[in-house]
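Taking it in order: structure first as structure tokens, then the write-up.
Number of protein chains: 2
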Amino acid sequence: MRVMIDISYDGSQFEGFASQPHGRTVADNLGEVLNRIYKQKVNLYGSSRTDSKVSAKTQYIVFDPPFEIKPDNIVRAINAIAPKSIYCKSAQLVADRYMPRHNVEYKTYKYTITSEYAPIYRHIEYYVRQQLDVEKMQIGANYLIGTHDFGSFCSANTDIEDKVRTITKLSVEAVNNRVVITVSGDGFLYNMVRIIVGTLIEFGLGKADPHSMNQILEAKDRSKAYATAPAHGLMLEYIQLEGQND
Amino acid sequence: MRVMIDISYDGSQFEGFASQPHGRTVADNLGEVLNRIYKQKVNLYGSSRTDSKVSAKTQYIVFDPPFEIKPDNIVRAINAIAPKSIYCKSAQLVADRYMPRHNVEYKTYKYTITSEYAPIYRHIEYYVRQQLDVEKMQIGANYLIGTHDFGSFCSANTDIEDKVRTITKLSVEAVNNRVVITVSGDGFLYNMVRIIVGTLIEFGLGKADPHSMNQILEAKDRSKAYATAPAHGLMLEYIQLEGQND
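Top to bottom, those sequences are chains A and B. In terms of numbering that gives the first Met the number 0, the first sequence opens at residue 0 and continues consecutively. In terms of numbering that gives the first Met the number 0, the second sequence opens at residue 0 and continues consecutively.
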């Protein structure tokens with residue numbers, strides 16, 4: 000028996016999603032919650048790793064419960080025990096070996112930049128005092144849409160060999176005093192969205208020519224792109240699973 | 000010499016704006032910051048009291064500095080010392096006896112209700128699972144626009160005698176999975192916005208007839224209105240000072 004839950008979380012309270020030697024992670028916390036509910040160790044598997052301080056509106060997680068609890072009651076039990084920074088939205092039974100991580104059709108991330116710092120949004124928005132030229136950012140962004148080797152947009156700290164990914168959407172919009180960057184794709188390399196955002200910001204500030212994005216992409220070299228934008232502006236907004244959440 | 004600063008703050012970190020016997024307040028914190036900058040006790044006076052857990056995008060505060068520091072440097076000094084939950088947006092010199100509290104032309108509050116709970120927004124939005132009928136809420140809201148005795152919308156815990164206030168705007172809008180209530184007026188009684196919101200929610204849920212708002216208003220009796228909505232959905236959005244921020 001395998002159960003899949005959909006959770007959202009406030010990344011500002013955690014050192015990322017996946018378990019790691021140091022710091023409190025979402026997976027650690029949720030694991031403890033499941034251990035308490037089932038009164039034994041329950042292993043869990045997520046659909047997406049998010050970095051330290053990155054929040055998520057959706058994250059699919061599967062686990063094999065040692066005994067049956069109705070999905071609605073699993074949701075209630077998790078929300079009764081979990082800290083307020085984690086919220087379970089739904090639970091459902093899935094096929095025995097189903098792994099959401101291997102069944103992601105596409106994911107959408109949103110990155111928010113504000114030119115008006117407000118303490119209440121400090122865990123959600125990246126503050127850039129200067130006005131950004133959204134049109135220039137979009138010109139640069141357009142070069143990345145499609146299937147490419149994103150080697151220039153991948154942290155050097157990775158063992159991944161195949162850096163070909165498909166971006167289906169990459170939009171840059173001005174909304175009040177904010178610039179919102181939305182990116183959808185079949186998968187993302189380590190720090191890929193944050194490096195893309197950091198590079199688009201350089202175009203928006205007028206410090207780099209947006210058409211240079213083509214050369215940056217072609218180089219397949221991390222050092223050709225610009226600084227990684229900070230984690231707290233990033234939100235994992237949506238995950239479309241194959242044949243699941245239709 | 001009198002200085003006026005404009006600050007914003009994350010109300011989730013404080014027990015309201017004004018100093019009080021128990022709990023950490025915005026005024027206490029900011030007072031300590033000014034004491035450190037000027038190396039002596041500096042009294043400060045705000046333009047608006049906000050309740051515990053209520054955030055503000057704007058709050059005007061005046062104080063009489065014992066010696067001159069340029070406005071830009073006051074801003075920098077405050078932001079260097081203050082916790083991240085308080086941010087100083089600007090500073091300016093004002094007339095010696097100027098009190099922003101006595102010069103408010105109008106204030107705007109925003110209240111946000113969400114039907115989709117997300118941990119990252121839990122300090123900003125009030126979660127109401129049921130769908131709210133925005134049109135019914137607006138019908139009820141329309142009765143309050145204008146100059147009225149708002150005795151039905153004032154906490155019983157107040158000594159204020161004159162409960163006549165003018166509401167110039169009261170809108171209820173659906174935005175994605177949220178309902179946003181925006182209210183502007185020349186002044187607000189204790190808990191007034193939150194009682195208005197709590198009453199509009201009853202209309203939105205279909206539990207009360209929105210046209211009953213007329214009788215609730217006429218009664219001038221707190222017990223005729225509905226429950227006070229929770230503080231964390233409320234934001235002090237804007238303050239228009241007479242002859243100041245044009």
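For glycine and all other residues, C-beta sits at the position ideal for the given N, C-alpha and C.
Residue i touches chain B at which residues, Cβ-Cβ below 8 Å?
{"i": "A/Ala79", "result": "The premise fails here: A/Ala79 is roughly 14 Å from chain B at the closest Cβ pair, so nothing lies under 8 Å."}
{"i": "A/Ile215", "result": "What A/Ile215 touches in chain B: nothing, since even the nearest Cβ is about 31 Å away."}
Quick one: measure Cβ to Cβ for residue i and residue j, integer angstroms, because I've assumed they're closer than 8 Å.
{"i": "B/Ser46", "j": "B/Ala230", "result": "Wrong, their Cβ atoms sit about 19 Å apart, outside the cutoff."}
{"i": "A/Phe66", "j": "A/Val41", "result": "Contact doesn't hold; Cβ gap of about 11 Å is too wide."}
{"i": "B/Asp9", "j": "A/Ile119", "result": "5 Å"}
{"i": "B/Val163", "j": "B/Ile73", "result": "No, B/Val163 and B/Ile73 are not in contact; Cβ-Cβ is about 37 Å, not under 8 Å."}
{"i": "A/Ser7", "j": "A/Tyr86", "result": "5 Å"}
{"i": "A/Leu29", "j": "A/Ala76", "result": "Their Cβ separation, rounded to whole angstroms, is 12 Å, which puts A/Leu29 and A/Ala76 out of contact at 8 Å."}
{"i": "A/Leu240", "j": "A/Glu104", "result": "6 Å"}
{"i": "A/Phe16", "j": "A/Lys106", "result": "Actually they do not touch by this definition, with Cβ atoms about 13 Å apart."}
{"i": "A/Ala90", "j": "A/Ile36", "result": "Incorrect: roughly 11 Å between the Cβ atoms, too far for contact."}
Just reading off the beta strand (DSSP E) that residue i is part of, what are its end residues?
{"i": "A/Met234", "result": "233-240"}
{"i": "A/Ala90", "result": "85-93"}
{"i": "A/Arg75", "result": "Looking at the DSSP string, A/Arg75 is not in any beta strand (DSSP E); the run it does join, the alpha helix (DSSP H), is 70-80."}
In this structure, how does DSSP classify residue i when only helix, strand and coil are distinguished?
{"i": "A/Gly10", "result": "helix"}
{"i": "B/Tyr110", "result": "strand"}
{"i": "A/Ala26", "result": "helix"}
{"i": "A/Val53", "result": "coil"}
{"i": "B/His147", "result": "strand"}
{"i": "A/Val163", "result": "strand"}
{"i": "A/Asp245", "result": "Note that A/Asp245 scores a pLDDT of 42, beneath 50, so its modelled location is shaky; the value from the coordinates is reported in the next line. Note: A/Asp245 maps to coil in three-state DSSP."}
{"i": "B/Glu201", "result": "helix"}
{"i": "B/Lys168", "result": "strand"}
{"i": "B/Phe62", "result": "strand"}
{"i": "A/Val32", "result": "helix"}
{"i": "B/Met98", "result": "coil"}
{"i": "A/Val127", "result": "coil"}
{"i": "A/Val41", "result": "coil"}
{"i": "A/Arg1", "result": "strand"}
{"i": "B/Leu188", "result": "coil"}
{"i": "B/Arg193", "result": "helix"}
{"i": "A/Tyr105", "result": "strand"}
{"i": "A/Ser222", "result": "helix"}
{"i": "A/Ala155", "result": "coil"}
{"i": "A/Ala173", "result": "strand"}
{"i": "A/Ser183", "result": "strand"}
Which residues of chain B have a Cβ atom closer than 7 Å to the Cβ of residue i, listed in chain order?
{"i": "A/Arg193", "result": "Within chain B, no residue comes near A/Arg193; the closest Cβ sits about 17 Å away, beyond 7 Å."}
{"i": "A/Pro118", "result": "Ser7, Tyr8, Asp9, Lys83, Ser84, Ile85, Tyr86"}
Can you pull the chain B neighbours of residue i, defined as C-beta to C-beta under 9 Å?
{"i": "A/Ser54", "result": "Ala117, Pro118, Ile119"}
How would you list, in chain order, the residues of chain A whose beta-carbon sits under 8 Å from the beta-carbon of residue i?
{"i": "B/Ile112", "result": "Per Cβ cutoff of 8 Å: no residues; B/Ile112 is ~16 Å from chain A at best."}
Which bits of chain A does residue i rub up against, with CB to CB less than 7 Å?
{"i": "B/Ile123", "result": "Ile119"}
Since residue i is in the alpha helix (DSSP H), which residue starts that stretch and which ends it?
{"i": "B/Gly139", "result": "133-141"}
Is it true that the stretch 190-197 of chain B meets the stretch 144-153 of chain B, where meeting means three or more beta-carbon pairs spaced less than 8 Å apart? yes
Between the stretch 205-223 of chain A and the stretch 125-145 of chain A, do three or more beta carbon pairs fall short of 8 Å? yes
For the 8 Å Cβ check, are there 3 or more pairs between the stretch 157-175 of chain B and the stretch 231-241 of chain B? no
Pairs of beta-carbons, one from the stretch 173-188 of chain B and one from the stretch 127-136 of chain B, closer than 8 Å: are there three or more? yes
Quick test of the definition: if touching needs 3 or more C-beta pairs under 8 Å, does the stretch 98-110 of chain A touch the stretch 174-189 of chain A? yes
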